[in-house]
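Heads up: the sequence shown begins at 210 in our numbering, then just goes up one per residue. For each residue, glycine too, the CB sits at the ideal point set by N, CA and C. Notes follow once the structure below has been shown.
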Amino acid sequence: MNDDISITFDEQNKIRVLDADKFRETEQLKIESMEFIKKILAMDEIVQNLNETLEEYAKKIELEKLRAIGERNKVETEQENRKKKLMELSNVLNEKRAELDRYQIELDSLQKVEQDQRILIEKLSNNEA
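Shown next, in the form of structure tokens:
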């Protein structure tokens, strides 16, 4: 038989192939390994929760980005609409001023014609009298 193998009895009178110290070390390693596995599983759960939370925040951030882009587009569109409206109102104002100038010229012309006609009527009235 092999000389490296030693059969011993532990405190509970169980037969052991390993000596008691190596068996205790193996049992301790087993316990530590199980604790390490529990910690790894707990860490994995924490990482999964963190990933889920980060994904939720990423979705919220993307939604807010899109909302901000939409608001910026609204502002830019409103600015363009105001410029167009200002140009339209400016054109209408210029047309109204030109119309006012034409009416003023027409009024002056009609007043001159009226004055000339009154003078003519007065001359004719004075000649007949």
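Measuring straight from C-alpha to C-alpha, what distance separates residue i and residue j?
i, j, result
"Glu315", "Arg291", "35 Å"
"Arg281", "Lys274", "10 Å"
"Phe232", "Ala251", "28 Å"
"Leu309", "Leu272", "54 Å"
"Asn336", "Leu319", "25 Å"
"Ile330", "Leu298", "46 Å"
"Ile216", "Glu241", "26 Å"
"Tyr312", "Asn300", "18 Å"
"Lys294", "Asn303", "14 Å"
"Gln237", "Asp253", "24 Å"
"Glu265", "Val226", "55 Å"
Does the ligand GTP have a heavy atom nearer than 8 Å to the CB of residue i?
i, result
"Thr235", "Questions concerning the ligand GTP fall outside what the structure shown contains, since it holds no ligand whatsoever."
Under a Cβ-count criterion, where at least 16 other Cβ atoms within 10 Å of its own Cβ denotes burial, should residue i be classed as buried or exposed?
i, result
"Met210", "Here the model assigns Met210 a pLDDT of 44, short of 50, so the residue's position is not dependable, and the following value carries that caveat. It is exposed - the Cβ of Met210 has fewer than 16 other Cβ atoms within 10 Å."
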